[in-house]
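Residue numbers (the working numbering): 608 to 1026.
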Ligand code: GTR
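As structure tokens, this is what we get:
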């Protein structure tokens, strides 16, 4: 009996290794060098980065971390509904755009909610991101359609379905009115439209719609949920390119937490995104995988087996064998402006590891002629840095707050220039 109890406890502990939050135990590690080609030759100029090294790194993230995304349908199938030019007391124009993700009107679709500031000169720059609780959760506006499909527990969610009660429940994380008053359009998508976020979500996701003939499950290098979400963000960009109220060359893609990981992967894959914002993205996002602090590769693959590609699990117990680390994901965004936001109490996401990762992407940003990350040391609380790689550490917990938005907007005002 005692032995069985002991075995049970030790197997539970083995499944759930304790997360380290002691800086003195973060360990020593050597990061792979983004500026050395696979063959060992150093990358000394922007051309070699753009033509060779960038592609090598992108491929490694595709095959070892997030998986390869599908080829988009040849033609974007979409429909604009519910346009209201006097939304939010005249502050904005609201549109809901249905995009059919496989290009077929009978197939899966996502709904992109737009608020476009009415007071603007020309096409508006866009803050594009995904939400956790449905488009109707980002603002109390009664005209937003309630999200369909599976939804995780939250305000107004009954039997995994959204109801009216959830309206506006995520509003503090979106700050729609603030963003509009600063001249930016807001675009938001319920992430569950592309992949319902639970371990059995695959069947209801867009992935099976892209299986090759005879395929019944994702292969080791095929995309997972993060890939599906990132890919859907690119389909939103496809639509933005068709809407003359929106400036497709000034789209900032942003996200919080798992959706921050998603925004980074979207920005890395798709160079049309002009600016990328990661908020508290942590493990599998901005934070270095090799640093043993907070969530680990093993932990994330165990809790969320559907997020990454199957190959990523090979690194569960040997993170040093990964041919990349997350600074190389950030480097894929170079030379485009990138903002990494951390929160002081968000130890699970390893705020210091997020900074160190941004710092380790700096040589690539500098090689490409930008000022990189202009902070030698980890900045203190509420001391934002606004170089081409921007960074701040906010007081408080894992969240998106008005403070974060003030910094995102100041950063975007500085870097999202009209082109
Ligand atoms: C946590 C997960 C993190 C982060 C977070 C979130 O449970 O371990 O990697 O993604 O969820 O997305 O809220």
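By construction, the Cβ of each residue, glycine as well, lies at the ideal position given by its N, Cα and C atoms.
Exercise for the section: Compute every distance between the C-beta of residue 955 and the non-hydrogen atoms of the ligand GTR, then say whether any falls below 7 angstroms. Expected result: Yes.
Exercise for the section: Using the Cα positions of residue 726 and residue 848, report the straight-line distance between them to the nearest angstrom. Expected result: Taking C-alpha positions only, residue 726 is separated from residue 848 by approximately 21 angstroms.
Exercise for the section: State the DSSP-derived secondary structure class of residue 608, mapped to helix, strand or coil. Expected result: Confidence at residue 608 is low in this model, with a pLDDT of 48, below 50, so its placement is unreliable and the value that follows should be read with caution. DSSP places residue 608 outside both helix and strand once states are collapsed to three, so it counts as coil.
Problem - residue 988 - DSSP class collapsed to helix/strand/coil - result: Residue state, collapsed to three classes: strand.
Practice task
Confirm the yes/no value for this check: CB of residue 631, any heavy atom of the ligand GTR, distance under 7 angstroms.
Solution key: Within the chosen limit of 7 angstroms, the ligand GTR does not reach the beta carbon of residue 631 with any heavy atom.
Practice task
Could you round the C-beta distance between residue 867 and residue 887 to whole angstroms and report it? I think they count as a contact, below 8 angstroms.
Solution key: With a contact defined as Cβ atoms closer than 8 angstroms, residue 867 and residue 887 qualify at about 6 angstroms.
Problem - Nearest to residue 664 (by Cα), restricted to the options 838, 1003, 930 and 771 - result: When each option's Cα is compared against that of residue 664, the closest is 930.
Practice task
Please say whether residue 906 and residue 626 have beta carbons closer to each other than 8 angstroms?
Solution key: At the C-beta level, residue 626 and residue 906 come within 8 angstroms of one another.
Problem - C-alpha gap between residue 995 and residue 745, whole angstroms - result: Approximately 29 angstroms, taken between the alpha carbons.
Practice task
Would you check whether the ligand GTR has a heavy atom nearer than 7 angstroms to the C-beta of residue 907?
Solution key: Indeed, a heavy atom of the ligand GTR lies less than 7 angstroms from the Cβ.
Handout entry: Any non-hydrogen atom of the ligand GTR closer than 7 angstroms to residue 902 Cβ
Key = Judged by the Cβ position, residue 902 qualifies as a neighbour of the ligand GTR at the 7 angstroms threshold, a heavy atom of the ligand being closer than this.
Exercise for the section: State yes or no: is the C-beta of residue 889 nearer than 7 angstroms to some heavy atom of the ligand GTR? Expected result: Inclusion of residue 889 in the 7 angstroms shell around the ligand GTR follows from its C-beta lying nearer than that to a non-hydrogen atom of the ligand.
Exercise for the section: Can you tell me which of the three DSSP states residue 1004 falls into? Expected result: Three-state DSSP puts residue 1004 in coil, outside helix and strand.
Exercise for the section: Keeping to the same chain, check which residues put their C-beta closer than 7 angstroms to that of residue 661; ignore five residues upstream and five downstream. Expected result: So the list reads 939, once near-sequence residues are dropped.
Practice task
Could you tell me if the beta carbon of residue 667 falls within a distance shorter than 7 angstroms of some heavy atom in the ligand SAM?
Solution key: The model depicted lacks the ligand SAM and carries the ligand GTR instead.
Exercise for the section: Starting from the Cα of residue 701, find the closest Cα among 781, 689 and 712 and give me that residue. Expected result: For residue 701, the closest alpha carbon among the candidates 781, 689 and 712 is that of 689.
Handout entry: Beta-carbon proximity list for residue 778, same chain, < 8 angstroms, skipping 5 on both sides
Key = Taken in chain order, the residues that qualify are 744, 745, 746 and 747.
Problem - Separation of residue 820 from residue 1011, as counted between CA atoms - result: When rounded, the separation of the alpha-carbon atoms in residue 1011 and residue 820 is 46 angstroms.
Practice task
Find out if the Cβ-Cβ distance for the pair residue 855, residue 964 is shorter than 8 angstroms.
Solution key: The Cβ-Cβ distance between residue 855 and residue 964 does not fall below 8 angstroms.
Handout entry: residue 1021 versus residue 878 - alpha carbon distance
Key = Rounded to the nearest angstrom, the two C-alpha atoms are 19 angstroms apart.
Practice task
Indicate the three-state DSSP secondary structure (helix, strand or coil) for residue 1020 in the structure shown.
Solution key: Correct three-state label for residue 1020: helix.
Handout entry: Cβ shell of residue 913 (< 7 angstroms), same chain only, five flanking positions each side left out
Key = Within the same chain, residue 913 has close Cβ partners 806, 808, 809, 831 and 832.
Handout entry: Best match in 696, 740 and 841 for proximity to residue 772 [C-alpha to C-alpha]
Key = Among 696, 740 and 841, the Cα nearest to that of residue 772 is on 740.
Handout entry: Sheet register partners of residue 736 (DSSP bridge)
Key = Beta bridge pairing from DSSP links residue 736 with 795 and 861.
Practice task
Report yes if the C-beta distance between residue 737 and residue 798 is below 8 angstroms; otherwise report no.
Solution key: Yes, they are a contact pair.
Handout entry: Alpha-carbon spacing of residue 949 relative to residue 683, whole angstroms
Key = Going from the Cα of residue 949 to the Cα of residue 683 covers about 36 angstroms.
Practice task
Return the chain-ordered list of same chain residues with a C-beta closer than 7 angstroms to the C-beta of residue 1004, the five sequence neighbours on each side being excluded.
Solution key: Excluding positions up to five away in sequence, the list reads 950, 952 and 953.
Handout entry: Distance cut-off 7 angstroms: residue 943 Cβ against heavy atoms of the ligand GTR
Key = For residue 943, the shortest C-beta to heavy atom distance toward the ligand GTR is 7 angstroms or greater.
Exercise for the section: Would you kindly work out how many angstroms separate the C-alpha atoms of residue 871 and residue 892, rounded to a whole number? Expected result: C-alpha separation (whole angstroms): 7 angstroms.
Handout entry: Cβ neighbours of residue 911 in the same chain (closer than 6 angstroms, five flanking residues each side left out)
Key = So the list is empty, once near-sequence residues are dropped.
Practice task
For my contact list, residue 997 and residue 1018 are in at a C-beta cut-off of 8 angstroms; report their separation, rounded to the angstrom.
Solution key: Confirmed, Cβ separation roughly 5 angstroms.
Handout entry: Where the beta strand (DSSP E) containing residue 689 begins and where it ends
Key = For residue 689, the enclosing beta strand (DSSP E) stretches over residues 684-694.
Handout entry: Selection from 975, 804 and 678 that minimises the alpha carbon distance to residue 652
Key = When C-alpha distances from residue 652 are compared across 975, 804 and 678, the shortest belongs to 975.
Exercise for the section: Reducing DSSP to helix, strand and coil, say where residue 964 ends up. Expected result: Three-state DSSP puts residue 964 in a helix.
Practice task
Figure out for me which residue from 780, 919 and 827 has the closest Cα to the Cα of residue 1008.
Solution key: Ranking 780, 919 and 827 by CA distance to the CA of residue 1008 puts 780 first.
Exercise for the section: Just mark residue 716 as buried or exposed, buried being the case when its beta carbon has 16 or more other beta carbons within 10 Å. Expected result: That one is buried.
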